[in-house]
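Peer 1: Below you'll find the structure I mean.
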Amino acid sequence: MVKVQMAHAIFFGVVPEACTFLFGSRGPMAHRRELAILLLAAAPVLAQGSRGKAELKAGSSSITIDYGRPSSPTDRVGEQQVGEVWRMGKDAATVIKTPVDLMFGATRIAAGSYSLFLARPASDRYELVFNSQTGQWGTAHDPSKDVARVPLRRETLPNLVETFTIELKGAGKGGSFVMSWGKTRLSADFTTK
Numbered sequence: 018m019v020k021v022q023m024a025h026a027i028f029f030g031v032v033p034e035a036c037t038f039l040f041g042s043r044g045p046m047a048h049r050r051e052l053a054i055l056l057l058a059a060a061p062v063l064a065q066g067s068r069g070k071a072e073l074k075a076g077s078s079s080i081t082i083d084y085g086r087p088s089s090p091t092d093r094v095g096e097q098q099v100g101e102v103w104r105m106g107k108d109a110a111t112v113i114k115t116p117v118d119l120m121f122g123a124t125r126i127a128a129g130s131y132s133l134f135l136a137r138p139a140s141d142r143y144e145l146v147f148n149s150q151t152g153q154w155g156t157a158h159d160p161s162k163d164v165a166r167v168p169l170r171r172e173t174l175p176n177l178v179e180t181f182t183i184e185l186k187g188a189g190k191g192g193s194f195v196m197s198w199g200k201t202r203l204s205a206d207f208t209t210k
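The numbering used here puts the first residue of the sequence shown at 18, with every later residue one more than the last.
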């Protein structure tokens, strides 16, 4: 939330000052083209304010997950409907990049890049979905490109987590994938190959 507030303060505080500096007293409407360029240049800064990154060292490189961080004062994961597939974040699709193969129990995920989704096949089950399509908007899930589904453990948290969070926690020759939002924490252990 603080990052978003800072981005808004920068945008609404700096942009008007920059327009006055660049365009002088004639105002920004006299220079629409320059204003459009300035606004387009500021857009990536505003969009990045609500992104998160989870990282875990794997050999000489790292496993990374890039994801959007929505906020909500309710248990959004717990409210996910049975049969629904969720984009796990907001804006662009959540993407995991792994330089090594991952083993979630007997399920092997080959080194590479994948979009991640969350499926709820039954009221008491959640699955982490690895999808070979990357670069799309988060809501564009093509089930024909699903590579694997990994069962997740569910835990009810005592306190509300308002901002969606993904973590990669190291343990031995692998680690744990952990996501938390609302009063729900979902996790799965993996080893690296």
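A virtual CB, placed ideally from N, CA and C, is assigned to each residue, including glycine.
Per DSSP, what kind of secondary structure is Pro-87 in: helix, strand or coil?
Peer 2: The three-state secondary structure of Pro-87, taken from DSSP, is coil.
Peer 1: Using the Cα positions of Ser-79 and Leu-73, report the straight-line distance between them to the nearest angstrom.
Peer 2: Between the alpha carbons of Ser-79 and Leu-73 lies a distance of about 5 Å.
Peer 1: Quick check: Gln-150 and Lys-162, are their CB atoms within less than 7 Å of each other?
Peer 2: yes
Peer 1: Return the first residue and the last residue of the beta strand (DSSP E) that Trp-198 is part of.
Peer 2: DSSP places Trp-198 in the uninterrupted beta strand (DSSP E) bounded by 191-209.
Peer 1: Let me check one thing: in DSSP terms, what residues is Phe-134 bridge-paired to?
Peer 2: Val-146
Peer 1: Which residue or residues does DSSP assign as beta-bridge partners of Glu-184?
Peer 2: Val-195
Peer 1: Candidates Ser-89, Ile-113, Gln-98: which alpha carbon is nearest Leu-185's?
Peer 2: Ile-113
Peer 1: Is Phe-134 closer than 7 Å to Phe-207 when the C-beta atoms are compared?
Peer 2: no
Peer 1: By DSSP's criteria, Val-102 is part of a beta bridge. Which residues make up the other side?
Peer 2: Ala-136, per the DSSP bridge assignment.
Peer 1: Where Pro-213 and Gly-69 are concerned, what is the direct C-alpha to C-alpha distance, given to the nearest angstrom?
Peer 2: Outside the modelled stretch of the chain, which goes from 18 to 210, sits residue 213, for which no answer is possible.
Peer 1: Any idea which residues DSSP pairs Ser-78 with across the strands?
Peer 2: Ala-75
Peer 1: If you draw a straight line from the alpha carbon of Asp-83 to that of Lys-107, how long is it in whole angstroms?
Peer 2: 11 Å
Peer 1: Report yes if the C-beta distance between Leu-174 and Arg-202 is below 7 Å; otherwise report no.
Peer 2: yes
Peer 1: Determine the direct distance from the alpha carbon of Ser-132 to that of Asp-159, and round the result to whole angstroms.
Peer 2: The C-alpha of Asp-159 lies about 10 Å from the C-alpha of Ser-132.
Peer 1: Could you give the first and the last residue of the continuous beta strand (DSSP E) run that contains Val-94?
Peer 2: Neither: Val-94 is in no beta strand (DSSP E) and is coded neither H nor E.
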